[in-house]
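Chains as they are written, first to last, in the working numbering: chain A, 1 to 117; chain B, 1001 to 1108. Working notes, structure below.
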């Protein structure tokens, strides 16, 4: 696609429910990143994928968070048993690759605003 | 470890004022440095970048110079406009490390 697409744009859920957030990267981008932006806060790096592999999952806040990527394209971030502190904007970005200046410019989606009631 | 420290906001300026947003970093080697901008209700957009010491990135009247000796990459603009109101992030993309963001509000 023309840009990074995220869905849904807004999600309201009840505490304890599971949610899935989707990211569709720019076609041909092998690297994909997830960030969390809490109200008034900076970007918190969660996880990245190179192809379908996520070499480092240490940025995920807890074991309720998981992410997968299939076919080197679409990625889903799943939050199980949501808590109110999970409320934030979840941003996805993609880049051509991980190494080198031209490759590691990250292009961002508009984000999914998650509200846990 | 790697880190980026940005000038705390919010910053409020009058139109045509001079803008500086400070950014310093800690990293091994010589990373490429970036400024991103987030307009209200939108995702982050790349504003400018620099890949090596003394490089100057520029775009839309904004400039930032990569200073290795002071490990800094301060963002400047000579005359801000109302349309520049946004949140600005300094970043080390190779480590997916972003500053906390500085909110700029420009008043007419």
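Ideal Cβ placement from N, Cα and C applies to all residues, glycine included.
For the 9 Å CB-CB criterion, residue 80 of chain A and residue 64 of chain A form a contact.
By the rule that beta-carbons nearer than 9 Å mark a contact, residue 1042 of chain B touches chain A.
Cβ neighbours of residue 60 of chain A within its own chain (closer than 7 Å, five residues either side excluded): 46 and 47.
For residue 1107 of chain B, DSSP records a beta bridge to B/1014.
Under the three-state reduction of DSSP output, residue 1056 of chain B falls in the strand class. Residues of the stretch 1088 to 1107 of chain B with a C-beta atom less than 9 Å from some C-beta of chain A are 1089, 1091, 1093, 1094, 1095, 1096, 1097, 1098, 1099, 1100, 1101 and 1103, listed in chain order.
When 7 Å is used as the limit between beta carbons, residue 1046 of chain B is near these residues of chain A: 105, in chain order. With contacts defined by Cβ atoms closer than 9 Å, residue 5 of chain A and residue 24 of chain A form a contacting pair. Residue pairing by DSSP places residue 107 of chain A opposite A/94 in a beta bridge. Look at residue 95 of chain A: its C-beta is under 9 Å from a C-beta on chain B.
The Cβ atoms of residue 90 of chain A and residue 36 of chain A sit closer than 9 Å to each other.
Shown here for residue 1053 of chain B: same chain residues with a beta carbon closer than 6 Å to its own, the five before and five after excluded, namely 1066 and 1068 in chain order. Within the same chain, and ignoring the five residues on either side of residue 17 of chain A in sequence, the residues whose Cβ sits closer than 7 Å to its Cβ are 82. Segment contact: the stretch 1088 to 1103 of chain B against the stretch 1024 to 1043 of chain B, three or more CB-CB distances shorter than 8 Å; contact assigned.
Using a CB distance cut-off of 9 Å, residue 1018 of chain B does not count as an interface residue toward chain A. Counting only the Cα atoms, residue 112 of chain A lies some 24 Å from residue 1010 of chain B. At a cut-off of 9 Å between C-beta atoms, residue 1049 of chain B counts as an interface residue with respect to chain A.
Taking C-alpha positions only, residue 76 of chain A is separated from residue 93 of chain A by approximately 13 Å. Counted as a single uninterrupted DSSP element, the beta strand (DSSP E) harbouring residue 1036 of chain B occupies residues 1033 to 1038. Following the DSSP letters along the chain, one finds residue 1077 of chain B inside the beta strand (DSSP E) bounded by residues 1075 to 1077. Counting the other Cβ atoms within 10 Å of the Cβ of residue 49 of chain A gives 16 or more, which makes it buried.
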